[in-house]
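Each remark here refers to the structure printed beneath this line.
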DNA sequence: TACCATAATGAGTCGAGACTCATTTTCCAA
DNA sequence: TTGGAAAATGAGTCTCGACTCATTATGGTA
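Chains as they are written, first to last, in the numbering used here: chain V, 111 to 280; chain W, 111 to 280.
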């Protein structure tokens, strides 16, 4: 791939993440192009459809989250990750709006990472043994959705997470 | 209001609820008109903008939920209501997609009803005393969102609700 | 440097869907 | 029954955004 093409691809991805995570996926490709400083045609050369572009940034986003999760661990790693993710969701429109687009591989990667955090928390006795990964993921997604949509303040977020953490606790 | 106008208004609301709760709010007004058996112009005569139509069915929906909640009570009224709402959300796109449209009065009414269920559950000792209404509402909305989006099966739904109920329990 | 394959450009096409309005139809009060 | 106000009709307008492509520019190689 030529150097300019490589550079533009990165710029477009950065711009797309910025635009879509703030304005939602309804934002126009035109706007992404403008922010990236390229012509609209260039965006479509790199990502033939808008969905391709969405899938690409979702993949990057999930990979980053999985990487984040991998650096955590121990008794409260799961709790830290949970809180961090919810905070992000409330500020931006991260995972939430992108739900329609599916990137199974990337989701799987995140699932693995969360599973590991769960295992460690259970080993440390912070989380009940009969809790499994699927419901943890379900809660994670749900609360991110809720936080984004409801515009929670810090206190509400804390109180809501407190209920969930109590439900997970041994 | 003339009799035919009254009749059409009802038909349009019913059709709109059917269409929007199944296809999401992106469905076209055209489709609503077709299902209602009226011309597109008639829809716009009754509801000048699409948002007006969305607000109208959201209001009806919330009022109905509040009515539902009012018939419940006792030790597990809150739990029943919670489960029922999540089941609905998973099947249809009820409250979820309509989040953008705000009908404060209707939301307040539902909040009152949920608050009453919470009070009764606490009186019966089913729910911890330090849990308050806002986080219950937040959890309710979150889980509905998650259920809709994730396409949960029955088991996942049960396991997820189990965590939340455990978190609420005394 | 000269060449050309690769990439960028952006005006233009296309379709979809919200909304309009001149015309026709329907209700209902007198 | 009938006059006319209220309501319904639906083809048409308008806007917006995804996507195209003929043309121009550019990076890299011989």
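Backbone N, C-alpha and C define an ideal beta-carbon position, used for all residues, glycine too.
The CB of residue 248(V) comes closer than 7 Å to the CB of 256, 260, 262, 266 and 270 in chain W, given here in chain order. Interface with chain V (8 Å Cβ-Cβ cutoff): residue 245(W) is included. Collapsing the DSSP output to three states places residue 227(W) in a helix. Taking all protein chains in view, the Cβ of residue 203(V) is crowded by 16 or more other Cβ atoms within 10 Å, so the residue is classified as buried. At a cut-off of 8 Å between beta carbons, residue 227(W) makes no contact with chain V. Shown here for residue 226(W): same chain residues with a beta carbon closer than 8 Å to its own, the five before and five after excluded, namely 179, 180 and 183 in chain order. In the three-state reduction of the DSSP assignment, residue 277(W) falls in the helix class.
CA-to-CA, the gap between residue 138(W) and residue 214(W) works out to about 25 Å. For residue 160(V), the uninterrupted alpha helix (DSSP H) segment begins and ends at 160-180. Residue 121(W) is classed as buried because its beta carbon has at least 16 other beta carbons within 10 Å across all chains shown. Residue 135(V) and residue 219(W) have their C-alpha atoms some 32 Å from each other.
At a C-beta separation below 7 Å, residue 147(W) has no neighbours in chain V, since its nearest C-beta there lies roughly 31 Å away. Exposed is the label assigned to residue 233(V), since fewer than 16 other Cβ atoms lie within 10 Å of its Cβ.
Assignment of residue 237(V) by DSSP, reduced to helix, strand and coil, places it in the coil class. Inter-segment contact for the stretch 141-157 of chain V and the stretch 114-132 of chain V is present: three or more beta-carbon pairs are separated by less than 8 Å. When Cβ-Cβ separations below 8 Å define contact, residue 277(W) makes contact with chain V.
When Cβ-Cβ separations below 8 Å define contact, residue 217(V) makes no contact with chain W.
Around the CB of residue 268(V), fewer than 16 other CB atoms lie within 10 Å, so the residue is classed as exposed.
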